[in-house]
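J.: If you read the sequence shown in our numbering, its first letter stands for residue -19, the second for the next number, and so on. Sharing a structure below in structure tokens format, with a few things to ask.
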Amino acid sequence: MPDHRGPTHAHPATAVPAVPAGHGALVDHEPDETAFAELLDLDGEVLRPFWTDVLTRVHDAAPAAGRVVDLGAGSGVGTIALAQLFTDAEIIAVDAAEEMLRRIRARAVRLGLDQRVRTIVADLDRPWPIGDPVDVTWASLSLHHLADPDRVLGDVFAATRPGGLVAVIEMNEPLRVLPHDVGFGRPGLEERCLVAMGAEHARALPELGSDWGPRLEAAGFTLISDQTITIDEPRPATPGTARYAQLWLERLRSHLASQLTSEDLDTLAVLIDGDGPGSVRHRDDLQIRGSRTLALARRA
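Right, here's the structure in full:
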């Protein structure tokens, strides 16, 4: 039966390799892939307890894997972690952005994993790009970018060996990094940003926030677990947390420039100023909190 135990807190586990698992995304529309890749890498670093927990669950549920696919691999932190966890498997990283895949290949070479890690440039809204059967598919924060994720899940099902596993990690609520009152500007800045971002996502990313468990079942899989995992990283913030917050707020300011007041835009400008006294790089009250979902399903 599916596991619907509800929200849990991420916790460290010993079965996960030293490299933390990051998340991927289809980033063909990203104006600054270098900054976005850094944000993905930092997500793996500062949310390591969450990714440790998720990877442990995937590994424990997975069959003996000869081929693992990372759909929407992004900067490849998840790809590398999967390669280190599934030590006998071929890992296939799929993404629409060649620059992201180049980073993955370079990282695999540095870590001596290049014989088992390969990359495929592909737009997943086009025909399924992988010819061989797979044992595990990891789709982390990528399905909501697709025009027809149900068709892609059907493709994943068709490509999965009997007994194989699919893991879907998606956002349940957006991450927050700031206190309610940052000490200048109007309190509630981040809440207003997230309301504006939610309206933008409703228009541009209608699949965001979907209930993926039933959609996996509709594709033919048997759902074995569907949970919301709470993220609540304790203070004090690390240097990585501060940089993560800076990059995240830079993205908010860029994407919401036409939707926020001049006062809120000015406050964000102070917060993302790396050298300024009000910058997040100098704050000790940052705390990453939010939640993400993990759905695990098996092909019978």
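We put the CB at the ideal spot given by N, CA and C, even for glycine. Treat the numbers as computed from the prediction; the structure is a model and nothing was measured.
For the candidate residues L19, L20 and A275, whose alpha-carbon lies nearest to that of I149?
T.: It is A275 whose Cα lies nearest to the Cα of I149.
J.: Could you give the distance in angstroms between the alpha-carbon of A139 and the alpha-carbon of R98?
T.: Distance between the alpha carbons of A139 and R98 is about 17 Å.
J.: Need the endpoints of the beta strand (DSSP E) that L145 sits in, please.
T.: Element bounds for L145: T140 to R156.
J.: Give the straight-line distance between the Cα atoms of T221 and E13, rounded to the nearest whole angstrom.
T.: Distance between the alpha carbons of T221 and E13: 20 Å.
J.: Out of S234, L123, I71 and R269, state which residue places its alpha-carbon closest to the alpha-carbon of F30.
T.: Among S234, L123, I71 and R269, the Cα nearest to that of F30 is on R269.
J.: Whole beta strand (DSSP E) runs in the stretch 74 to 112 with 3 or more residues, listed along the chain?
T.: Complete beta strand (DSSP E) runs here, min 3: 97 to 101.
J.: According to DSSP, W192 sits in a beta bridge with which residue or residues?
T.: According to DSSP, which records beta bridges pairwise, W192 is partnered with nothing at all.
J.: Is the stretch 211 to 219 close to the stretch 168 to 178, with three or more CB pairs under 8 Å?
T.: Segments in contact, no.
J.: The alpha helix (DSSP H) spanning D246 covers which residue range?
T.: Unbroken alpha helix (DSSP H) run through D246: S242 to I252.
J.: Tell me, please, whether the stretch 252 to 268 touches the stretch 178 to 192 by the rule of three or more beta-carbon pairs shorter than 8 Å.
T.: No, the stretch 252 to 268 does not touch the stretch 178 to 192.
J.: List the endpoints of the continuous alpha helix (DSSP H) containing S234.
T.: That run of the alpha helix (DSSP H) goes P219 to H235.
J.: The alpha helix (DSSP H) spanning A176 covers which residue range?
T.: Run containing A176: L169 to A184, per the alpha helix (DSSP H) assignment.
J.: My assumption, with CB atoms under 8 Å, is that E243 sits in contact with G165. Please give the rounded CB distance.
T.: Yes, E243 and G165 are in contact; Cβ-Cβ is about 6 Å, under 8 Å.
J.: What residue range does the alpha helix (DSSP H) around R269 cover?
T.: First-last for R269: R269 to R278, but that is the beta strand (DSSP E), not the alpha helix (DSSP H).
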